[in-house]
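Student:
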Ligand SMILES: NC(=O)c1ccc[n+]([C@@H]2O[C@H](COP(=O)([O-])OP(=O)(O)OC[C@H]3O[C@@H](n4cnc5c(N)ncnc54)[C@H](OP(=O)(O)O)[C@@H]3O)[C@@H](O)[C@H]2O)c1
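Numbering (my numbering), first residue to last: 1306 to 1466.
#1: Measuring alpha carbon to alpha carbon, tell me which residue in 1399, 1392, 1372 is nearest residue 1419.
#2: Roughly how many whole angstroms lie between the Cα atoms of residue 1316 and residue 1434?
#3: Hey, out of 1375, 1427, 1402, whose CA is closest to residue 1313's CA?
#4: Any chance the CB of residue 1324 is under 7 Å from a heavy atom of ligand 1?
#5: Mapping the DSSP letters down to three states, classify residue 1363 as helix, strand or coil.
#6: Residues in the same chain with beta-carbon distance under 7 Å from residue 1335, minus the five sequence neighbours each way, listed in chain order, please.
#7: Is residue 1339 close to ligand 1? I mean its beta-carbon at under 7 Å from any heavy atom of the ligand.
#8: What residue range is occupied by the uninterrupted beta strand (DSSP E) comprising residue 1453?
#9: For residue 1345 and residue 1448, I'd like the C-alpha separation in whole angstroms.
#10: Please give me, in chain order, every unbroken run of the alpha helix (DSSP H) with length at least 4 that falls completely inside the segment 1339–1384.
#11: Among the candidates 1328, 1450, 1381, 1394, whose CA atom is the shortest distance from the CA of residue 1407?
#12: Give a yes or no on whether the C-beta atoms belonging to residue 1405 and residue 1318 are separated by under 8 Å.
#13: Under the criterion of a Cβ to heavy atom distance below 7 Å, does residue 1356 qualify as lining ligand 1?
#14: Excluding the 5 residues preceding and the 5 following residue 1442 in the sequence, name in chain order all residues of the same chain whose CB lies nearer than 8 Å to its CB.
#15: Let me confirm a value: residue 1377 is counted as buried when at least 16 other C-beta atoms fall within 10 Å, else exposed. Which label applies?
#16: Tell me the residue span of the beta strand (DSSP E) that contains residue 1463.
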């Protein structure tokens, strides 16, 4: 399974249930990577999406502990239930797309991490684990520096060694 996430200088990922910034080039990259794949997210991330709707052209799975929770996609209520559902899919096709809680819970099961690094410090209230502080991960690829309205960022790929 793979994780895709955009982080700032402190590996911050969100504030007030929204992204720290919206970079069109990063959203395009996210769309290209996940198109036609399975995306797994937490209930709060689903509710942060435009119209609180699942992402088009992808198989969406949302986690919520609330048995009454309804969404226009598959809802599952525990990690065990998620594992059962994911048996039907090739794990290479599964992307964990957030947020902080779901990244943390799923991290051990993932071997590839698409990290967009945004070279700015934002005021954040949600964070991703800093992979540079763990020796089991290595950077296998990184893009040229990108820029949007003076904001520098790059795409990187980490693998579990
Ligand atoms: N920078 C990025 O790339 C990126 C990507 C995605 C999200 N984000 C940001 O991340 C923030 C949201 O993260 P978050 O940690 O607050 O929320 P989240 O992970 O999106 O959702 C948490 C919710 O998911 C459900 N859940 C999680 N694990 C579960 C489990 N094991 N079993 C059952 N339900 C489970 C629970 O829903 P119930 O409360 O309904 O039980 C929980 O409250 C937002 O600011 C968002 O913009 C950033």
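We put the CB at the ideal spot given by N, CA and C, even for glycine.
Tutor: Let's see:
#1: Sequence index remark: in the chain shown, residue 1419 carries index 114 (1-based). Residue 1419 has its Cα closest to that of 1399, out of 1399, 1392, 1372.
#2: Residue mapping note: residue 1316 aligns to position 11 of the chain shown, counting from 1. Residue mapping note: residue 1434 aligns to position 129 of the chain shown, counting from 1. Roughly 7 Å separates the two Cα atoms.
#3: For the purposes of this step, residue 1313 is taken as the residue at position 8 of the chain shown. The residue with the shortest Cα to Cα distance from residue 1313 is 1427.
#4: As a position in the chain shown, residue 1324 is number 19, starting the count at 1. The answer is yes for residue 1324.
#5: The residue given as residue 1363 occupies position 58 in the chain shown. Coil, per DSSP.
#6: Along the chain shown, one-based indexing puts residue 1335 at 30. Counting only Cβ-Cβ distances below 7 Å, and skipping sequence neighbours, we find 1309.
#7: Looking up residue 1339 in the chain shown gives position 34. No, since every heavy atom of ligand 1 falls outside the 7 Å radius drawn around the Cβ of residue 1339.
#8: Locating residue 1453 in the chain shown gives position 148, counting from the first residue. Residue range 1451–1453 is occupied by the beta strand (DSSP E) that includes residue 1453.
#9: Locating residue 1345 in the chain shown gives position 40, where the first residue counts as 1. Locating residue 1448 in the chain shown gives position 143, where the first residue counts as 1. Between the alpha carbons of residue 1345 and residue 1448 lies a distance of about 25 Å.
#10: As far as the segment 1339–1384 is concerned, its whole alpha helix (DSSP H) runs of at least 4 residues are 1348–1353.
#11: By one-based count along the chain shown, residue 1407 stands at place 102. Across the set 1328, 1450, 1381, 1394, the C-alpha of 1381 shows the shortest separation from the C-alpha of residue 1407.
#12: Sequence index remark: in the chain shown, residue 1405 carries index 100 (1-based). Sequence index remark: in the chain shown, residue 1318 carries index 13 (1-based). Going by C-beta atoms, residue 1405 is nearer than 8 Å to residue 1318.
#13: Taking the first residue of the chain shown as 1, we reach residue 1356 at position 51. Answer for residue 1356: no, Cβ out of range of ligand 1.
#14: Here residue 1442 corresponds to residue number 137 of the chain shown, with the count starting at 1. Excluding sequence neighbours, residue 1442 sits near 1418, 1436, 1463, 1464, 1465, 1466.
#15: Locating residue 1377 in the chain shown gives position 72, counting from the first residue. So residue 1377 counts as exposed.
#16: Here residue 1463 refers to the residue found at position 158 of the chain shown. Its beta strand (DSSP E) spans residues 1456–1465.
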